[in-house]
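Asks: To start, I am sharing the structure in question, which I have written as structure tokens.
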Amino acid sequence: MTYGEATEYILYIPKFTKKNDAQHTKIFLKYLGNPQERLKVLHVAGTNGKGSVCAYLDSMLRSEGKRTGLFTSPHLIKINERIAIDGRQISDDNFVKIFKKTLTAAQRMEAEGCPHPSFFEFLLGMALCAFFDGGVEYAVIETGLGGRLDATRSIERPLVCVITSIGLDHTEYLGDTLEKIAEEKAGIIRPGVPVFYAQTADESDRVIERTAKEQGNFCKKIGKDAYEILGIRDKHIAFSCFSAYYGNTTWKLNNIGVYQPHNAMLAMEVMRHLFGKNGDIKQWREALADLKWAGRMEEVLPDVYVDGAHNVSAIEAFVQSVPKDGRGNIVLFSAVQDKDYEEMIRCLCGQFKAEMFVVTQIGGDRGTDAQALAEVFRKYTEQPVIVKESVEEALRFMLKHQKEERVYCLGSLYLTGRIKELIQEVI
């Protein structure tokens, strides 16, 4: 079997499967030999910042000399991105090897009357097998959707449960209030497992605190007052911590997102819990300063940034992160149909000054029509709104018209991935 055949099979899975419950995932993992039971799992849920927190945890764990596995989603360009060992996505050869093992388990399940694993279940199974076979000690696992019913919830005894900021996203599945969404995210909390979460809003914070208390768990809120942003310089954001544990040193992140210090502090407090006085804080600082996390205020060309903001709270965080230095801005925007893109656009136009908005349609069935997006933009802005039918055409147009302006591409991780792919291929 080739790598292409393996990925083609995985991408075809949604056409013949449905979402299964966590009990089904447990059965699937049993067929795989329960690789999760040999791993020290850090389980991460939340609306925004999950991927960043996972990446920070993985990087700091590696700085402690630990062998790590990282499972995240979605991928931007290549599906291997979802499964990384020691900071490197697994090779195509290893991908095929693990795929065969996972497929054999799935076929045995089907032969014995169990439904085939879903797309996400299958990839989770592949990741856990890759981690076990690769001698991983610590596995950082990001939830797919929600938490309570997510396939990753089948991992029964993680070391810690981590919940990032809560916002309104996937409301058709998770609920239309912060409380309802927090209840789904807090579904990853297990009895006796320590909980760390990022302060968001009183209504969501209360849900997490209550759930942890009901389970008899240690629970720590990482407040927005736990750190101070010192400034952005040389495309790094610097911050200090209001805790003697971290000393009087300055921490830096290889990013300009003002929301990232909160994500970093959440990961740092988890590390503090795991390693206590034995933690090598100097190594943690170097690990965070060196880490580049793709798709989050990432500069992909000079003064061209991609950001995975794909809901209202993420758009608000993006607006806060853009430098206020008088330079002009151009925005490239696209979104999928199941997002509240009108509210995203209203927020963007109302809070962000841009000389031009360019809209396009991402590929696949989920992409919102570019003309429809343009009509919404024109309701909220008097600035020029340019429609380009393909991402490639839109990117070329912006680069041609970019002078002194910064270009920001946002609205969907699919857009981010496509732009990064185009830059590799044709720009």
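For the record, in the sequence shown the residue sitting at position 16 is 82 according to the working numbering, with numbers rising by one throughout. Each residue gets a CB set at the ideal place from its N, CA and C atoms; glycine is no exception. Keep in mind it's a predicted model, so treat the numbers as computed, not measured.
Which whole runs of the beta strand (DSSP E) in the stretch 406-469 are 3 residues long or more, in chain order?
Replies: With a minimum length of 3 residues, the continuous beta strand (DSSP E) runs that stay inside the stretch 406-469 are 422-425, 451-453.
Asks: In angstroms with no decimal places, state the Cα-to-Cα distance between Leu340 and Arg148.
Replies: The alpha-carbon atoms of Leu340 and Arg148 are separated by roughly 24 Å.
Asks: Is it true that the CB of Ile452 sits closer than 9 Å to the CB of Glu421?
Replies: Not closer than 9 Å, so no.
Asks: Please say whether Leu332 and Thr230 have beta carbons closer to each other than 9 Å?
Replies: Contact: yes.
Asks: Starting from the Cα of Phe137, find the closest Cα among Tyr446, Tyr407, Met334, Ser118 and give me that residue.
Replies: Of Tyr446, Tyr407, Met334, Ser118, the residue nearest in Cα terms is Ser118.
Asks: Restricting to Cα atoms, I'd like to know which of Phe443, Cys415, Lys144, Arg472 is closest to Val366.
Replies: Among Phe443, Cys415, Lys144, Arg472, the Cα nearest to that of Val366 is on Arg472.
Asks: Where in the stretch 80-158 do unbroken runs of the alpha helix (DSSP H), each at least 4 residues long, occur, reported from the N-terminal end onward?
Replies: The stretch 80-158 contains these whole alpha helix (DSSP H) runs: 88-97, 116-129.
Asks: Among Gly253, Tyr97, Val273, which one has its Cα closest to the Cα of Glu187?
Replies: The option with the nearest alpha carbon to Glu187 is Tyr97.
Asks: Whether or not the stretch 194-202 and the stretch 98-105 are in contact is what I'm after, with contact meaning three or more pairs of Cβ atoms, one per stretch, closer than 8 Å; do they touch?
Replies: Touching, yes, given that three or more Cβ pairs across the two stretches are closer than 8 Å.
Asks: Figure out for me which residue from Arg174, Lys144, Gly297 has the closest Cα to the Cα of Lys390.
Replies: Comparing Cα-Cα distances from Lys390 to each of Arg174, Lys144, Gly297, the minimum goes to Gly297.
Asks: I'd like the span of the beta strand (DSSP E) that includes Tyr474, first residue to last.
Replies: Note, Tyr474: beta strand (DSSP E), 472-476.
Asks: Give the C-beta separation of Phe326 and Ser129 to the nearest angstrom, bearing in mind that I take them to be a contact with Cβ-Cβ under 8 Å.
Replies: Just to set this straight, residue 326 is Gln in the shown sequence, not Phe. Rounded, the Cβ-Cβ distance is 18 Å, inconsistent with contact.
Asks: Considering just the uninterrupted stretch of the beta strand (DSSP E) at Asn395, what are its terminal residues?
Replies: Asn395 -> beta strand (DSSP E) spans 395-399.
Asks: Check for me: the beta strand (DSSP E) holding Glu294 runs from which residue to which?
Replies: Taken as a continuous stretch (DSSP letters only), the beta strand (DSSP E) holding Glu294 covers 293-299.
Asks: Under the assumption that Val402 contacts Thr434 (Cβ atoms under 8 Å), give the Cβ distance between them as a whole number of angstroms.
Replies: Sure, about 6 Å apart at Cβ, within 8 Å.
Asks: Cβ of Val372 within 9 Å of Cβ of Val228?
Replies: Not a contact, by the Cβ cut-off of 9 Å.
Asks: Could you tell me the alpha carbon to alpha carbon distance between Arg444 and Ala172, rounded to whole angstroms?
Replies: Taking the straight line from one Cα to the other gives about 49 Å.
Asks: How many Å lie between Arg338 and Thr134 at the Cα?
Replies: Approximately 17 Å between the Cα atoms of the pair.
Asks: Looking at the unbroken beta strand (DSSP E) that takes in Leu319, where does it start and where does it end?
Replies: Here the beta strand (DSSP E) through Leu319 covers 317-319.
Asks: Distance check for Thr170 and Ala177, CA to CA, integer angstroms please.
Replies: The alpha-carbon atoms of Ala177 and Thr170 are separated by roughly 11 Å.
Asks: Would you report the Cα separation of Cys475 and Thr316, rounded to the nearest angstrom?
Replies: Each residue's alpha carbon lies about 30 Å from the other.
Asks: Could you give the first and the last residue of the continuous alpha helix (DSSP H) run that contains Ala333?
Replies: Element bounds for Ala333: 326-341.
Asks: What ranges does the beta strand (DSSP E) occupy inside the stretch 216-242, keeping only unbroken runs of at least 3 residues that lie completely in it?
Replies: Fully enclosed beta strand (DSSP E) runs of 3 or longer: 226-229.
Asks: Assign Val402 to one of three DSSP states: helix, strand, or coil.
Replies: In this structure, Val402 counts as strand in the three-state DSSP scheme.
Asks: Whole angstroms is fine: what's the gap from Ala292's alpha carbon to Cys180's?
Replies: Going by the C-alpha atoms only, they are around 48 Å apart.
Asks: For the structure I just gave you, are there three or more beta carbon pairs, one from the stretch 155-171 and one from the stretch 68-82, closer than 8 Å?
Replies: Yes, they touch.
Asks: By DSSP's criteria, Ala252 is part of a beta bridge. Which residues make up the other side?
Replies: Paired residue(s): none; Ala252 is not in a bridge.
Asks: Specify the secondary structure class of Phe305 as computed by DSSP and reduced to three states.
Replies: Correct three-state label for Phe305: strand.
Asks: To the nearest whole angstrom, what separates the beta carbons of Phe185 and Pro80, a pair I think is in contact under 8 Å?
Replies: Yes, they are in contact, since the Cβ atoms of Phe185 and Pro80 sit about 5 Å apart, within 8 Å.
Asks: Specify the secondary structure class of Lys246 as computed by DSSP and reduced to three states.
Replies: Of the three classes helix, strand and coil, the one that applies to Lys246 here is helix, per DSSP.
Asks: Name the DSSP bridge partner or partners of Val370?
Replies: According to DSSP, which records beta bridges pairwise, Val370 is partnered with Leu367, Val473.
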